[in-house]
Amino acid sequence: MTVVATPNRRAGTSPSWALLAAAAFLASAALQLQASVQRWLIVGEAGVPVDRTIQDHLYDYSMPADPWVNVGSAAQVFGVATLLLAAGILALMRALAPVSAVFRASAVAVAAVFALNGAHALVSGLIGAPTPIGAPLLQMALSLIPVLGLGALAVRALGRSVALGVAFACLLGSSMPGVLLATFVIAPAVLGFQSHDTTPWSEAVTAVSTAAAGLASLVGAAVAVIRGRGSRS
């Protein structure tokens, strides 16, 4: 018998773990938005040298890499937000338990990459310089795991809970393709112009996708409660 990376369809969904996942994602989204506000509103152009602009990649805090300048405490806040996102992924996996070993390994691998990136942003902000994790080649290699993992997890989770499957899918907004889409397509479409580097409020677009994952997890928890009551009646 082959191992299939999908939850057991006969098992129920845990509303408690789904709620924990929702709380983690919503808190992460709030912190992501706070970091974005620090860059684009609190500091803005007034906090950078006259020969530069706050849109410069120099001030990108989601993945610090040399050369880099932290904007306020944006990197630290974003780092904590990403660590919460990683915790939410693990809670989402537990909400679907029991799951196959492959499903579990996929969720843990995706969460580990986000946790590593979160720790990188947090530590970089604290020490004022990028850690070695920000090396471009390493980041390119690591970026493949969330894309492939979240896509597979979303498809497999749909068989047990449509809402939790959607939550996994929404988290693709925090993957490398999602961030690029937010920066070069969605944010420019909303603001009506394309920046020479980072379009303002691009990080807020990613925060919205994380919040959507939180709302989907809330729906999943509510559906699990309703189904649980129905099975007992």
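Taking the working numbering, the leading residue of the sequence shown gets 161, the next gets one more, and so forth. Just so you know, even glycine gets a beta-carbon here, dropped at the ideal spot from N, CA and C. Predicted model, so just to flag it, every value in this text is computed and none were measured.
Cβ-Cβ distance between residue i and residue j below 8 Å
i	j	result
Ala312	Gly325	no
Gly352	Ala342	no
Leu250	Ala265	no
Thr370	Leu245	yes
Tyr221	Ala279	no
Ile293	Val270	no
Ala373	Leu331	yes
Ala381	Leu186	no
Ala314	Ala247	no
Minimum C-alpha distance to residue i - residue among the options
i	options	result
Ala255	Phe353, Ala181, Ala261 and Gly232	Ala181
Leu298	Ala187, Met223, Ala190 and Phe185	Met223
Leu252	Thr173, Ala241 and Gln198	Thr173
Leu302	Ala327, Pro337 and Ala189	Pro337
Ser188	Asp216, Pro209, Gln236 and Gln215	Gln236
Phe274	Gln198, Ala241, Val259 and Val283	Ala241
Val283	Val259, Pro209, Ala225 and Arg212	Ala225
Ser321	Gln215, Val208 and Val259	Val259
Straight-line Cα distance separating residue j from residue i
i	j	result
Trp361	Ser196	6 Å
Ala323	Leu218	38 Å
Ser355	Ala376	32 Å
Ile202	Leu276	27 Å
Ala234	Gln192	9 Å
Ser176	Gly388	12 Å
Thr162	Ala329	Bear in mind that a pLDDT of 34 at Thr162, under 50, signals an unreliable position, so the model cannot answer this.
Gly239	Ser335	15 Å
Ala135	Leu243	Given that the chain is displayed from residue 161 to residue 393, the structure contains no residue 135 and the question cannot be resolved.
Val383	Ala257	16 Å
Leu310	Leu340	17 Å
Ala261	Gln194	37 Å
Val164	Phe263	Residue placement at Val164 is poorly supported in this model, since its pLDDT is 37, which falls under 50; the coordinates still yield a value, given next. If I take the Cα positions, the gap works out to 8 Å.
Asp357	Trp200	14 Å
Gly319	Val379	16 Å
Ala327	Pro209	41 Å
Gln198	Val385	39 Å
Ile214	Ala272	31 Å
Met300	Asp216	21 Å
Gly204	Ala190	19 Å
Residue i at chain D interface by Cβ criterion, 8 Å
i	result
Ala272	As a matter of chain content, chain D is missing from the structure shown, which is built from one protein chain.
Margin query: Quick check on the DSSP output: what are the complete beta strand (DSSP E) runs of length 3 or more inside the region 170-250, in order along the chain?
Written below: Listed in chain order, there is nothing to give.
Check: Is the region 342-349 touching the region 365-375, taking contact as three or more C-beta pairs under 8 Å?
Finding: Touching, yes.
Checklist line | 4 or more residues per run - each alpha helix (DSSP H) lying fully within the region 313-384 | finding: The qualifying runs are 322-330, 336-341 and 347-351.
Next item on the list: Would you be able to state if there are at least three C-beta pairs under 8 Å between the region 281-293 and the region 215-230?
Entry: These segments touch.
Item checked: Entirely enclosed alpha helix (DSSP H) segments - the region 267-322, minimum 4 residues -> Correct list: 296-302 and 304-317.
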